[in-house]
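If you use my numbering, the sequence shown corresponds to residues 13 to 92, in order.
Glycine included, every Cβ here is placed at the ideal spot set by N, Cα and C.
Note that the structure is predicted; figures quoted are calculated from it, not measured.
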Amino acid sequence: MVIGRTIHLHGTSRENFLRHKWWVRHEICHVMQYKELGLVPFLWKYFWECIRVGYHANRFEVAARAAEHDAAIMNSVRIV
13 MVIGRTIHLH GTSRENFLRH KWWVRHEICH VMQYKELGLV PFLWKYFWEC IRVGYHANRF
73 EVAARAAEHD AAIMNSVRIV
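The structure is reproduced here in structure tokens:
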């Protein structure tokens with residue numbers, strides 16, 4: 013789960029998460045969405061999308077799934 017610039021892990025280790033590049037890219041996309049829209053606007057729009065079209069068709073999730081295959085998305089972040 014992403015809140016702002018932080019990816020919060022539950023049920024997995026940092027090492028396991030980082031081994032799955034597609035998963036890292038997915039979550040990095042959400043970090044970028046927060047950065048673009050701001051914390052509260054992103055949360056509101058994400059929530060509204062889920063209500064309106066459901067989780068799977070939520071435009072933020074659609075974009076994050078597409079980012080899973082985009083290695084270039086990693087160029088804009090630093091993992092600490």
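How should I63 be labelled, buried or exposed, when 16 other C-beta atoms within 10 angstroms of its C-beta is the threshold for buried? One-based indexing of the sequence shown puts residue 63 at position 51. That one is exposed.
Can you name the residues that DSSP bridges to I15? For the purposes of this step, residue 15 is identified with residue 3 of the sequence shown, where counting begins at 1. The partner list for I15 (beta bridge, DSSP) reads T18.
Give the straight-line distance between the Cα atoms of T18 and I91, rounded to the nearest whole angstrom. Residue 18 sits at position 6 when you count from the first residue of the sequence shown. Residue 91 sits at position 79 when you count from the first residue of the sequence shown. Taking the straight line joining both Cα atoms gives about 10 Å.
Is it right to say I40 is buried, meaning 16 or more other beta carbons lie within 10 angstroms of its own, or is it exposed? The residue labelled residue 40 in the question sits at position 28 within the sequence shown. That one is buried.
Excluding the five sequence neighbours on either side, which residues of its own chain have a C-beta within less than 8 Å of the C-beta of G23, listed in chain order? Here residue 23 refers to the residue found at position 11 when the sequence shown is read from its first residue. Excluding positions up to five away in sequence, the list is empty.
Inter-residue spacing [alpha-carbon to alpha-carbon] between F59 and V65: Locating residue 59 in the sequence shown gives position 47, where the first residue counts as 1. Locating residue 65 in the sequence shown gives position 53, where the first residue counts as 1. Approximately 10 Å between the Cα atoms of the pair.
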